[in-house]
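In full-length UniProt numbering, the protein residues as written are 1 to 345. Take a look at the structure set out below.
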Amino acid sequence: DEAALYDRQIRLWGLEAQQRMRISSILISGMRGLSNEICKNLVLAGIGSITIIDHNVVTEEDLGAQFFVTEADIGKNKAIVSADRIRQLNPRVVVTADNNDIRTKSDDFFKPFDLVCLTDCDPYTMIRINEICRVFDKKFYAACTYGFYGYIFCDLKQHEYIVFIVSVKIDKLISYLQFYLTILRERKVAIPHKDEHEITKLKKNDEYVSFQCALSKADWTEISDRKLKKISPLLWAIQILWKFQQEMGRLPVTNDNSDVEKLLSLRNSYLQTIHINNLLVTDEFLITLASFTFAELSPICAILGGVLAQDILNVLSKKGAPINNLFVFDGLQGDENYLIPYMTE
């Protein structure tokens with residue numbers, strides 16, 4: 001019965017990979033629009049168990065992008081009311097709710113989980129829990145959306161996975177082109193011969209850096225101008241937001257002139273410290289990002305939640321290359337950046 005339920009997935013990544021997912025235990029912190037999407041995708045994929053933790057109660061603002069709560073849930077704990085509806089998606093997945101503040105949890109709390117995913121957390125909490133995960137050899141993710149923008153941070157410490165490389169010889173490539181031209185011209189349905197390409201199974205092993213290490217990168221002069229041009233200014237802007245949170249203990253409010261001045265001052269000092277031109281992050285762009293810090297947009301949550309959930313499934317199944325280490329998304333420009341050079345060079 002279970003094999004029939006997950007038949008399409010087993011065909012996609014194999015029985016062994018599906019079994020690894022079925023015995024996995026995941027912790028998701030924070031119940032907002034982004035985490036709703038993550039939970040939905042993971043539970044429907046058939047993971048073993050998921051624990052959701054959030055000490056906050058449902059408010060009227062949560063009814064916009066969050067689909068596990070209703071108006072009747074206002075005033076109730078987010079994790080508890082969301083868990084009941086998450087279970088309905090897939091009764092085979094064990095769903096546990098915790099209504100405590102994750103910041104109060106001891107180190108041993110994180111031991112039973114294979115993977116920890118934080119959403120909408122402050123930098124200090126991300127640093128602490130990331131270091132705990134590294135001690136216990138647990139996979140770690142952190143993600144957040146700011147209106148049209150968002151990021152995913154991933155630290156797997158050391159991760160082994162398999163990639164499949166399809167190689168086609170030049171004569172076979174010509175054959176492929178002729179094959180598809182025939183389909184277009186004659187509107188026929190046909191299947192190419194399997195011996196026209198070769199699939200190589202390659203095992204890879206990547207190393208990752210911690211969130212603290214990523215934040216401490218102080219010199220970008222070794223990165224070529226060509227690579228710098230490919231990096232979205234959103235990277236620097238998000239880091240400036242993190243700096244603000246670390247100093248002020250909260251996110252900035254853009255209708256407060258003192259917050260705006262503080263934000264721009266941090267921009268100037270931080271970019272100068274890491275040898276990045278201030279013009280890369282304009283006043284307008286930084287203030288626009290800051291003005292969206294409390295906003296949840298369903299389409300952005302769906303995109304980022306889909307990317308993150310798929311990456312988690314890749315990690316659990318050990319199939320395909322995961323994010324290494326930071327992914328940022330600009331929904332206004334439609335740009336996405338996998339910032340591998342930023343973390344590894």
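Heads up, the beta-carbon is just placed ideally off N, CA and C, and yes, glycines get one too.
Straight through space, the alpha carbons of Asn41 and Asp7 are spaced by roughly 16 Å. With respect to the 8 Å criterion, Asp311 and Cys154 are classified as neighbours on the basis of their beta carbons.
Judged by beta-carbon spacing, Asp206 lies within the 8 Å limit of Asn324, meaning their Cβ atoms are closer than that value. If you draw a straight line from the Cα of Phe136 to the Cα of Glu284, it is about 42 Å long. Counting only runs of 4+ residues, the alpha helix (DSSP H) found wholly inside the stretch 222-303 occupies 225-230, 234-248, 257-273 and 283-291, in chain order. A distance below 6 Å between beta-carbons, with the five flanking residues on each side excluded, links Phe140 to the following residues of its chain, in chain order: Val116, Asn130, Cys133 and Asp155. By the neighbour-count definition (other C-beta atoms within 10 Å, threshold 16), Glu160 is an exposed residue. Taking a 10 Å sphere around the C-beta of Pro252, we find 16 or more other C-beta atoms and assign the residue as buried. Counting only runs of 3 or more residues that sit fully inside the stretch 80-153, the beta strand (DSSP E) segments are 94-98, 115-119 and 139-146, in chain order. If you compare the alpha carbons of Phe67, Val307, Ile276 and Tyr270 with that of Trp220, the shortest gap goes to Ile276. Contact annotation: the stretch 6-21 does not touch the stretch 96-105, with fewer than three C-beta pairs closer than 8 Å.
For His159, the beta-bridge partners assigned by DSSP are Asp206.
Boundaries of the alpha helix (DSSP H) around Asp7: Asp7 to Trp13. Here the stretch 75-82 makes no contact with the stretch 106-113; the two share fewer than three CB pairs at distances below 8 Å. Straight-line spacing of the CA atoms in Gln9 and Asp259 works out to 48 Å. By the neighbour-count criterion, in which 16 or more other beta carbons inside 10 Å mark a residue as buried, Arg250 falls on the exposed side. For Ile74, the three-state secondary structure derived from DSSP is coil. Contact check for Ala302 against Ile38 fails: the beta carbons are separated by 8 Å or more. In the DSSP annotation of this structure, the continuous segment of the alpha helix (DSSP H) that includes Leu42 starts and ends at Gly33 to Ala45. Taking the C-beta atoms as reference points, Ala295 is found no nearer than 8 Å to Leu263. As DSSP reads the structure, Ile50 sits in a beta bridge with Ile26 and Val95.
Where Leu326 is concerned, the enclosing beta strand (DSSP E) starts and stops at Leu326 to Asp330. With contacts defined as CB atoms closer than 8 Å, Phe292 and Gly147 qualify as a contacting pair. When only Cα atoms are considered, Ile52 and Gln239 end up about 27 Å apart.
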